[in-house]
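Residue numbers (the working numbering): 36 to 126.
A virtual CB, placed ideally from N, CA and C, is assigned to each residue, including glycine.
As structure tokens, then:
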């Protein structure tokens with residue numbers, strides 16, 4: 036499901052991964068790829084993008100923020116939005 040283009044399907048897949056703690060090398064690699072999806076077509080809900088949820092999911096799975104490539108390139112506002120999304124998601 037992580038290759039899906041539909042942001043709503045990705046939302047459900049990513050939150051399920053976080054909720055269930057599904058952590059494999061392949062999942063982390065795919066989440067890392069998804070963390071860069073920050074274009075208008077990657078919009079999920081409100082201001083959040085697929086990349087934001089991918090980063091939040093990685094954090095939920097125990098990845099350190101400073102080791103997530105997609106997180107390191109964000110400005111301070113965008114980083115705050117990722118943490119806000121992390122708190123809003125029902126894991």
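**Message:** Pop quiz: residue 70 and residue 103 are said to be a contact at Cβ under 8 Å. What is the actual Cβ separation, rounded to whole angstroms?
**Reply:** 6 Å
**Prompt:** If residue 72 and residue 86 are in contact, beta carbons under 8 Å, what's the gap, nearest whole angstrom?
**Reply:** 4 Å
**Item:** Which residues DSSP lists as bridging residue 84, in chain order
**Value:** 78
**Prompt:** Hey, residue 40 and residue 126: beta-carbon distance below 8 Å or not?
**Reply:** no
**Request:** Could you tell me the boundaries of the alpha helix (DSSP H) in which residue 67 lies?
**Result:** 60 to 69
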